[in-house]
Amino acid sequence: MKFGFDIDDTLINLREHAFNIYKKKLNKAVPQREFHNLKRVEIHEPFGLTDDEGSALWNSTLEEIYYTDCPSFDNAVEVLNKLYEQGHDIYYITARPKDHGERTKEWLREQGFPIVDDYFFYGMQDHEKVTIIKDLHLDYYVDDKPAILETLAEQPITLLLKDQSYNRDYQANRIVNWSDFLDKITFK
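FYI, the numbering for the sequence shown is 4 to 191, going by my numbering.
Structure representation (structure tokens):
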């Protein structure tokens, strides 16, 4: 079977990792609950930053956010490795910028994710991401963004939403804990 996965905030806890980096960089003791209550993807508001200031901070810390000790979600690495060991195809489809694609692939390998070079797609806008997902004829696809899943709703793909505070109003089959993922799969 063919499984597709977004990376950031689906397999790895990137936004919370960035939130903690912001706390150190800005020297602000913002409670972690503020992160868990965010209703949008952007994380700068609890720090009192405008959208422009938040965007500038994100871009200036991107190297640190992407390539330091960002944790994967519990059991994500184990689940993907189990699928890979069972002979399933594992595809990664991320909107991370092109100039970060190869380094992201290597970073994920170092974290223990099973990576096949030709099954790793990056450097695209969301509409391009949807086209790639459709063209791959995936059996399952997991993302954290409801907009991606909405555009794929008519496709013969089982769609799963990685639970995040900003997507809780969207009705979908959710992955709250990666340890439950395999229970949601109907193997052919």
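The beta carbon of each residue, even a glycine, is placed where N, CA and C say it ideally should be.
Note that the coordinates shown come from a computational prediction; the quantities given were computed from them, not determined experimentally.
Next on the checklist: Tell me the rounded alpha-carbon separation between asparagine 84 and phenylalanine 184.
Outcome noted: 13 Å
Next on the checklist: By the DSSP assignment, the beta strand (DSSP E) with tyrosine 95 in it spans what residues?
Outcome noted: 92-96
Next on the checklist: When you compare the region 116-131 with the region 85-93, are there three or more beta-carbon pairs, one atom per stretch, that lie closer than 8 Å?
Outcome noted: yes
Next on the checklist: Taking 8 Å as the limit between beta carbons, can you name the residues of its chain near arginine 106, skipping five residues before and five after?
Outcome noted: Tyr69, Tyr70
Item to check | leucine 162 versus glutamate 37: straight-line alpha-carbon distance, rounded | outcome: 29 Å
Next on the checklist: Beta-carbon within less than 7 Å of aspartate 166's beta-carbon, same chain only, minus the 5 sequence neighbours each way: which residues are those?
Outcome noted: Arg177, Ile178, Val179
Item to check | Alpha-carbon spacing of leucine 17 relative to glutamate 45, whole angstroms | outcome: 11 Å
Item to check | First through last residue of the beta strand (DSSP E) which encompasses tyrosine 143 | outcome: 143-146
Next on the checklist: Given this structure, state the Cα-to-Cα distance separating leucine 111 from phenylalanine 123, to the nearest angstrom.
Outcome noted: 11 Å
Checklist entry - Ends of the alpha helix (DSSP H) at glycine 7? => result Not the alpha helix (DSSP H): glycine 7 falls in the beta strand (DSSP E), residues 5-8.
Next on the checklist: Looking only at its chain, what residues have a beta carbon closer than 7 Å to the beta carbon of lysine 31, apart from the 5 residues adjacent to it on each side?
Outcome noted: Phe50
Item to check | Check whether threonine 64 and lysine 28 have beta carbons under 8 Å apart | outcome: yes
Item to check | Residue range of the beta strand (DSSP E) that includes threonine 161 | outcome: 161-165
Checklist entry - CA-CA distance, histidine 39 and tyrosine 143? => result 27 Å
Item to check | Pair within 8 Å by beta-carbon distance, arginine 99 and isoleucine 10 | outcome: yes
Checklist entry - Hey, which unbroken runs of the alpha helix (DSSP H) at 4 residues or more fall wholly within the region 69-131? => result 79-88, 101-114
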